[in-house]
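Participant:
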Amino acid sequence: MSDAKQKITRREALKTALAGSALAATGLLLGAGMPGDTEAAPATPSPAQDDRTLLEDIADTLLPTTPASPGARAAGVGAMMVLMLADCESPETQQRVATGLQELRAACRERGGSFASLPVAERERLLTELDAAAQKAGDKHWFNSVRALALQTYFNSEVGLTQALRYIPVPGRYDGCVPLEPGQPAWA
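Each residue of the sequence shown is one higher than the one before, counting from 49 in the numbering used here.
1. Quick one: any contact between the region 123–138 and the region 199–216, if contact means 3 or more CB pairs under 8 Å?
2. Given that a residue counts as buried once 16 or more other Cβ atoms are within 10 Å of its Cβ, and exposed if not, what is Ser237?
3. Pick from Gln54, Trp235, Thr176: whose alpha carbon is nearest that of Asp223?
4. Can you tell me whether Arg100 is helix, strand or coil according to DSSP?
5. Please classify Thr92: does DSSP put it in a helix, a strand, or coil?
6. In angstroms, rounded to a whole number, what distance separates the CA positions of Leu62 and Met132?
7. Three-state secondary structure (DSSP) at Met49?
8. Using only alpha-carbon positions, find the residue among Tyr215, Gly220, Cys225 that is nearest to Pro238.
9. So what's Arg144 in DSSP terms, helix, strand or just coil?
10. Of the choices Ser117, Cys156, Gln143, whose alpha-carbon is the least far from that of Asp105?
11. Using only alpha-carbon positions, find the residue among Gln211, Asp99, Ala73, Ala185 that is nearest to Ala134.
What follows is the structure, encoded as structure tokens:
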């Protein structure tokens, strides 16, 4: 049995390690000299500044400032909504949202101004109408995408996590069922 096992000397171990390192370095150097893909990714239209403002106004109407927590505008969700819309959503969804925002602007003009200039009650009424239309239309309605983006960006922001939700940075043990007191925010 002892004949089957060979002892490796220090010299042999160093030679093997050096040979392995040389092979890895050769592969890295050869890969570094290869020409890269110089073709640019297709450009997708990015939402304009007024879209960012309108998205932030919608989010702030959905998630207003309360005595318990700041609203969506305080969390700065507009820029993140635009970024996620441009980078994470399909071109079809981007187009659907852009068309929906134009329709919303037209509806606001019929009511006397921009979305931001409407009274809060009128903004809430308008979003309630959009929500009802979105529920009838299903997943393909633009308002569902905007509402989901607003909620996602707000509750993943520092303000949303630490002030709107109950946040513990390093949790203790796992409790599968934790009782909540009435009025207590959900856990982040």
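Backbone N, C-alpha and C fix where the C-beta goes; we use that ideal spot for every residue, glycine too.
Facilitator: So, from the listed chains and residues:
1. Look at the beta carbons and you see the region 123–138 touching the region 199–216: at least three pairs across the two are nearer than 8 Å.
2. The structure shown does not extend to residue 237, since the chain is modelled only from 49 to 236, so the question has no answer here.
3. Reading the sequence shown from its first residue, position 175 is the one you call residue 223. For the options Gln54, Trp235, Thr176, the alpha carbon positioned closest to that of Asp223 is the one of Trp235.
4. Reading the sequence shown from its first residue, position 52 is the one you call residue 100. DSSP places Arg100 in helix when its eight states are reduced to three.
5. On the sequence shown, position 44 is the one that residue 92 refers to. Annotation note: pLDDT 48 at Thr92 (below 50); position unreliable, no value reported.
6. In the sequence shown, residue 62 corresponds to position 14, counting from 1. In the sequence shown, residue 132 corresponds to position 84, counting from 1. One Cα belongs to Leu62, the other to Met132, and the distance between them is close to 50 Å.
7. Numbered from 1 along the sequence shown, position 1 holds the residue referred to as residue 49. Only weak support exists for where Met49 lies, its pLDDT of 48 falling under 50; the coordinates are left without a value.
8. Outside the displayed range of the chain (49 to 236) lies residue 238, so it cannot be described from this structure.
9. On the sequence shown, residue 144 is found 96 positions in, with the first residue counted as 1. Arg144 falls in the helix class under three-state DSSP.
10. The residue you call residue 105 lines up with position 57 of the sequence shown. Among Ser117, Cys156, Gln143, the Cα nearest to that of Asp105 is on Cys156.
11. What you label residue 134 is simply residue 86 of the sequence shown in a count that begins at 1. Nearest in C-alpha terms to Ala134, of all of Gln211, Asp99, Ala73, Ala185, is Asp99.
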